[in-house]
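Peer 1: Below: one structure in structure tokens.
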Amino acid sequence: MDCVLYEKRGGAAWLTINRPEKLNSLTEEVGARIIELLEIAGDDSEVHAVVFTGAGKAFSAGGDLLRFQHLVGDELAEFFEHLCSGGDRLFFGVERFPKPTIAAVNGTTAAGGLELILCCDLIFAAEHAKIGECHSNFALVPGAGGTIRLPRRVGLSRANDLLFTGRLAPASEMKEWGLINDVVPLEQLQATVDRYVEMIASKSPLCLANIKRATPFAFDVPLEAAIAEERKIVLENVRSDDLREGLAAFNEKRPPRYTGR
Numbered sequence: 000m001d002c003v004l005y006e007k008r009g010g011a012a013w014l015t016i017n018r019p020e021k022l023n024s025l026t027e028e029v030g031a032r033i034i035e036l037l038e039i040a041g042d043d044s045e046v047h048a049v050v051f052t053g054a055g056k057a058f059s060a061g062g063d064l065l066r067f068q069h070l071v072g073d074e075l076a077e078f079f080e081h082l083c084s085g086g087d088r089l090f091f092g093v094e095r096f097p098k099p100t101i102a103a104v105n106g107t108t109a110a111g112g113l114e115l116i117l118c119c120d121l122i123f124a125a126e127h128a129k130i131g132e133c134h135s136n137f138a139l140v141p142g143a144g145g146t147i148r149l150p151r152r153v154g155l156s157r158a159n160d161l162l163f164t165g166r167l168a169p170a171s172e173m174k175e176w177g178l179i180n181d182v183v184p185l186e187q188l189q190a191t192v193d194r195y196v197e198m199i200a201s202k203s204p205l206c207l208a209n210i211k212r213a214t215p216f217a218f219d220v221p222l223e224a225a226i227a228e229e230r231k232i233v234l235e236n237v238r239s240d241d242l243r244e245g246l247a248a249f250n251e252k253r254p255p256r257y258t259g260r
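Okay, structure coming up:
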């Protein structure tokens, strides 16, 4: 059984973590498969966005704690160093993917599952979904960016709420915090994501990739340096065929035909 399913639908590649019996816990195999599938989606001009979701009742409950329960001391430290390096490859791969990424949170999302959706550009959740940073429940410090990305998305005080308590919060609360774009009934989740994919697919893929290159500067560098980097990307983008096509389509009152160049 494939640990991650791949389906093209309506301009998007849907990647479904397929370990429902383990609440879609993340393993090295899952991470490696996601990276492989991102390469396929990245090379496919028919794919305008990538959607992550989970099979069964959970999105992802995070790492599989049973895999290291028997380890101690240096052996445990070596395991975690290897585990965190694999997490970096996965999460940076998702975060830096040039096409828009969407999390369709169909159920419980905890620990590494939260770290995964923090790397996505848009997050939509079923109204029954619970979301938490549960590492502290097991005396674990998040090892794949949870202590860094979560404060950047929701602010330090709210991040500390989840980090310190290990609680699972309702999706509606996470929407109020600004982490989630929208919360809908489970039966409407796919259609909601499909509508956003349709809007994304109508845009220049090169333009959206350039926007994704620019937005991280909002957090990583001082304001003036960030604006300077944005300006470089803007000037690069204005030389694109897609920009000329977008302006021509506006002038001629017709839908644009973007090529991604």
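Everything in the sequence shown is counted per numbering that gives the first Met the number 0, starting at 0 for the first residue and increasing by one.
Ideal placement from N, C-alpha and C gives every residue a C-beta, glycine not left out.
All values reported here derive from a predicted model rather than from experimental measurement.
In the DSSP assignment, find the beta strand (DSSP E) that holds residue 195 and state where it starts and stops.
Peer 2: Here residue 195 refers to the residue found at position 196 of the sequence shown. Premise fails: residue 195 lies in the alpha helix (DSSP H), 185-200, not in any beta strand (DSSP E).
Peer 1: If you follow the alpha helix (DSSP H) that residue 114 is in, where does it begin and where does it stop?
Peer 2: As a working mapping, residue 114 is identified with position 115 in the sequence shown. Where residue 114 is concerned, the enclosing alpha helix (DSSP H) stretches over 111-116.
Peer 1: Determine whether the beta carbon atoms of residue 163 and residue 104 lie at a separation below 8 Å.
Peer 2: Sequence index remark: in the sequence shown, residue 163 carries index 164 (1-based). Sequence index remark: in the sequence shown, residue 104 carries index 105 (1-based). Going by C-beta atoms, residue 163 is not nearer than 8 Å to residue 104.
Peer 1: Where do the N-terminal and C-terminal ends of the alpha helix (DSSP H) with residue 59 fall, by residue?
Peer 2: Counted from its first residue, the sequence shown places residue 59 at position 60. Careful: residue 59 lies outside any alpha helix (DSSP H), inside the beta strand (DSSP E) at 57-59.
Peer 1: Enumerate in chain order the residues of its own chain whose CB-to-CB distance from residue 17 is below 7 Å, with the five nearest sequence positions on each side excluded.
Peer 2: Taking the sequence shown and counting its residues from 1, the one referred to as residue 17 is at position 18. Same-chain partners within the cutoff: 0, 1, 2, 3, 4, 54.
Peer 1: Who are the near neighbours of residue 8 in its chain, counting only those whose CB is closer than 7 Å to its CB and skipping five residues on each side?
Peer 2: Sequence index remark: in the sequence shown, residue 8 carries index 9 (1-based). Cβ neighbours of residue 8 beyond the five flanking positions: none.
Peer 1: Check for me: the beta strand (DSSP E) holding residue 104 runs from which residue to which?
Peer 2: Taking the sequence shown and counting its residues from 1, the one referred to as residue 104 is at position 105. Per DSSP, residue 104 belongs to the beta strand (DSSP E) from 100-104.
Peer 1: Hey, could you find the ends of the beta strand (DSSP E) residue 6 is sitting in?
Peer 2: Stepping through the sequence shown from its first residue, residue 6 is reached at position 7. Element bounds for residue 6: 3-8.
Peer 1: Please return the same chain residues whose Cβ sits closer than 6 Å to the Cβ of residue 260, not counting the five positions on each side in sequence.
Peer 2: By 1-based counting over the sequence shown, the position of residue 260 is 261. Correct list, in chain order: 240.
Peer 1: Using the C-alpha atoms, what's the distance from residue 219 back to residue 235?
Peer 2: Walking along the sequence shown from the start, residue 235 turns up at place 236. Walking along the sequence shown from the start, residue 219 turns up at place 220. Whole-angstrom Cα-Cα distance: 21 Å.
Peer 1: Kindly indicate the opening and closing residues of the beta strand (DSSP E) around residue 164.
Peer 2: By one-based count along the sequence shown, residue 164 stands at place 165. Counting along the chain, residue 164 falls outside any beta strand (DSSP E), though it belongs to the alpha helix (DSSP H) covering 155-164.
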